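Reviewing the structure listed below.
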Amino acid sequence: MTFPMGLAGPISGLVCGVLFGYVLQRGGLGNGCRLTAQLRLQDWTVFNVMFTAILVSAGGLYVLELAGVMHAADIFIPTTFLWATLLGGVLIGVGMAIGGYCPGTSVVGAAAGRIDGIVFFAGLIIGVVAFAGIYTPITPLLGAAAGPQAQTLGDLLGLPAWAVLAILTGVAAGVWWFTRRSAASPAITCAD
Amino acid sequence: MMKQRPIWNSHAAGAVLGLVLLLTFVLTGHGLGASGAPTAIAAAAANVVAPAATQANDYLGWMVEGGRNPLNSWITWEVIGVALGALAAAWWSGHLRVRLEGPPRANNSGRLALALAGGILSGFGARVSAGCTSGLGLSGSATLATAGFVFLIGFFGAGVLTGLLTRRMWK
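Sequence order for the protein chains is B and S. If you're matching positions, the first sequence starts at 9 in our numbering and goes up one per residue. If you're matching positions, the second sequence starts at 665 in our numbering and goes up one per residue.
This is the structure in structure tokens:
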């Protein structure tokens, strides 16, 4: 059997989504207080959860590719459009600092009963309509400074994937070590 | 009311999230996302309110072309799943409660305005970068894509700057 299985229907969407939502809520990432506390550098839950997840998933993909049951060419690897990729990140970062969430976490917050999460999600829809309204004139910006198709950090740095994984693990461990006191800071009390 | 349980250890939660993301890659060939759902809702809603303008729009047009329903997509089902999974988790951990949260210094209308403004910026931004914290920051970085890390640099850089500048609202 080779992977990926190429499922695209409602069942695989629901299964992956239910697991995603469950973990985000139990990990504390549906809470605007905790999400913005990361951006105030008062709580490091978001960084630790995200970076650990990236490393575990990237490590798993590496092993599956090494075992020959999955091929990098069959996996969706996004392409960099330097200004658009960076600007989108900037707007979503500012949006989280102001509004408490990002698109996925607003759904989690809303599902736990947060009215601000529902309002944030409504804002997302308005933001998409606004984008569609000025899409045609800003098209040159969106496609500017395009990187190579599906480029990885390994391609960029000329390093094998295991070396990139080792460097990223070092970065994650280093940040955790230097922030481990504020990660458990009593100054922050966010319930869930 | 269920007994309140504390959140998981952050590294344990990250490890489980990584396995869920890996499962998603194995099943579908792509990662997890979120902003595709509000995009589909925007296309469907715009097509009801202003069908001619929506079908003529360069960005939304193809999503509703030939009577296609943009809501019938993998990402919409995934986000419905996210809501159901988060609902179950909040219930079983004793955290399901209707409330309006936000900065302690902001009153209720201020909190609603901030949530709406943040959502608008985020929804616009996710279309600029063709992906959000889930689709690009998490799933893109899990493939070690340069794009995922470029996104995260912009996200944390601008987010932390804004977070530090607005620190007083949270005192």
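A virtual CB, placed ideally from N, CA and C, is assigned to each residue, including glycine. Since the structure is predicted, the reported quantities are computational estimates derived from the model, not experimental observations.
Residue i to residue j span [Cα, whole Å]
{"i": "S/Gly695", "j": "S/Thr688", "result": "6 Å"}
{"i": "B/Gly178", "j": "S/Phe815", "result": "20 Å"}
{"i": "B/Asp163", "j": "S/Leu828", "result": "35 Å"}
{"i": "S/Pro715", "j": "S/Ile744", "result": "25 Å"}
{"i": "S/Cys796", "j": "S/Phe820", "result": "13 Å"}
{"i": "S/Gly749", "j": "S/Trp755", "result": "10 Å"}
{"i": "B/Leu94", "j": "B/Cys41", "result": "25 Å"}
{"i": "S/Thr692", "j": "B/Trp185", "result": "35 Å"}
{"i": "S/Ala822", "j": "B/Gln46", "result": "12 Å"}
{"i": "S/Gly818", "j": "B/His79", "result": "30 Å"}
{"i": "S/Val680", "j": "B/Gly103", "result": "27 Å"}
{"i": "B/Ala169", "j": "B/Leu22", "result": "31 Å"}
{"i": "B/Gly97", "j": "S/Ala794", "result": "10 Å"}
{"i": "S/Gly766", "j": "S/Arg775", "result": "5 Å"}
{"i": "B/Gly43", "j": "S/Val824", "result": "It should be pointed out that residue 43 of chain B corresponds to Leu in this sequence rather than to Gly. So the alpha carbons of these two residues sit roughly 11 Å apart."}
Cβ of residue i within 8 Å of any chain B Cβ
{"i": "S/Asn721", "result": "yes"}
{"i": "S/Trp726", "result": "no"}
{"i": "S/Ser674", "result": "yes"}
{"i": "S/Gly827", "result": "yes"}
{"i": "S/Ala752", "result": "yes"}
{"i": "S/Pro702", "result": "yes"}
{"i": "S/Gly766", "result": "yes"}
{"i": "S/Glu742", "result": "yes"}
{"i": "S/Arg763", "result": "yes"}
{"i": "S/Arg832", "result": "no"}
{"i": "S/Leu780", "result": "yes"}
{"i": "S/Val712", "result": "no"}
Neighbour flag for residue i against chain S, beta carbons, 8 Å
{"i": "B/Gly108", "result": "yes"}
{"i": "B/Ser190", "result": "no"}
{"i": "B/Thr10", "result": "no"}
{"i": "B/Thr177", "result": "no"}
{"i": "B/Leu22", "result": "yes"}
{"i": "B/Leu164", "result": "yes"}
{"i": "B/Val116", "result": "yes"}
{"i": "B/Pro86", "result": "yes"}
{"i": "B/Ala153", "result": "no"}
{"i": "B/Pro18", "result": "yes"}
{"i": "B/Leu3", "result": "For chain B, the structure presents residues 9 to 200; residue 3 of chain B sits outside this window and is missing."}
{"i": "B/Pro148", "result": "no"}
{"i": "B/Ala27", "result": "Note that residue 27 of chain B corresponds to Leu in the displayed sequence, not to Ala. It does; some Cβ of chain S falls within 8 Å."}
{"i": "B/Phe129", "result": "yes"}
{"i": "B/Pro111", "result": "yes"}
{"i": "B/Val183", "result": "no"}
Beta-carbon gap between residue i and residue j smaller than 8 Å
{"i": "S/Gly783", "j": "B/Ser114", "result": "yes"}
{"i": "B/Gln33", "j": "B/Val116", "result": "yes"}
{"i": "B/Met13", "j": "S/Val690", "result": "yes"}
{"i": "S/Met666", "j": "S/Gly730", "result": "no"}
{"i": "S/Ala747", "j": "B/Ala119", "result": "yes"}
{"i": "S/Trp741", "j": "B/Gly25", "result": "yes"}
{"i": "B/Leu173", "j": "B/Gly67", "result": "yes"}
{"i": "B/Ala105", "j": "S/Thr718", "result": "no"}
{"i": "S/Ser786", "j": "B/Pro111", "result": "yes"}
{"i": "S/Leu778", "j": "B/Gly135", "result": "no"}
{"i": "S/Ser811", "j": "B/Thr147", "result": "The sequence given here places Ala at residue 811 of chain S; Ser does not occur at that position. The answer is no: Cβ separation not under 8 Å."}
{"i": "B/Tyr30", "j": "S/Ala753", "result": "yes"}
{"i": "B/Gly131", "j": "S/Leu724", "result": "no"}
{"i": "B/Leu99", "j": "S/Phe788", "result": "yes"}
{"i": "B/Gly83", "j": "B/Leu69", "result": "Inspection of the sequence shows that residue 83 of chain B is occupied by Ile rather than by Gly. Cβ distance < 8 Å, so B/Ile83 and B/Leu69 count as in contact."}
{"i": "S/Ala720", "j": "B/Ile133", "result": "no"}
Rounded distance between the beta-carbons of residue j and residue i, thought under 8 Å
{"i": "B/Ala207", "j": "S/Val792", "result": "Residue 207 of chain B lies beyond the stretch modelled for chain B, which goes from 9 to 200, so this question has no answer here."}
{"i": "S/Arg669", "j": "B/Gly121", "result": "With 8 Å as the limit, S/Arg669 and B/Gly121 do not qualify as a contact, their Cβ atoms being about 16 Å apart."}
{"i": "B/Ala61", "j": "S/Leu685", "result": "6 Å"}
{"i": "S/Leu808", "j": "B/Leu167", "result": "Wrong, their Cβ atoms sit about 10 Å apart, outside the cutoff."}
Pick from the options that is closest to residue i, judged by C-alpha positions
{"i": "B/Leu90", "options": "B/His79, B/Ala66, B/Ala152, B/Met58", "result": "B/Ala152"}
{"i": "B/Asp109", "options": "B/Gln159, B/Tyr70, B/Leu37", "result": "Looking at the sequence provided, one finds Tyr at residue 109 of chain B rather than Asp. Comparing Cα positions, the closest option is B/Leu37."}
{"i": "B/Phe55", "options": "S/Ala753, S/Asn673, S/Ala720", "result": "S/Asn673"}
{"i": "B/Arg189", "options": "B/Pro18, B/Gly35, B/Ala174, B/Gln50", "result": "B/Gln50"}
{"i": "B/Ile19", "options": "S/Asn736, S/Ala708, S/Ala704, S/Asn771", "result": "S/Asn736"}
{"i": "S/Leu683", "options": "B/Gly112, B/Arg48, B/Leu63", "result": "B/Leu63"}
{"i": "B/Val71", "options": "S/Ala676, S/Leu825, S/Ala806, S/Trp834", "result": "S/Ala806"}
{"i": "B/Phe139", "options": "S/Gly799, S/Ala720, S/Ala790", "result": "S/Ala790"}
{"i": "S/Trp834", "options": "S/Leu751, S/Ile671, S/Ala770, S/Ala706", "result": "S/Ala770"}
Contact test: residue i Cβ vs the ligand HEM heavy atom, cutoff 7 Å
{"i": "S/Ala754", "result": "Ligands in the displayed structure: none, and consequently the ligand HEM is not present."}
Interface flag, residue i vs chain A, CB-CB below 8 Å
{"i": "S/Ser757", "result": "Any reference to chain A falls outside this structure, whose protein chains are B and S."}
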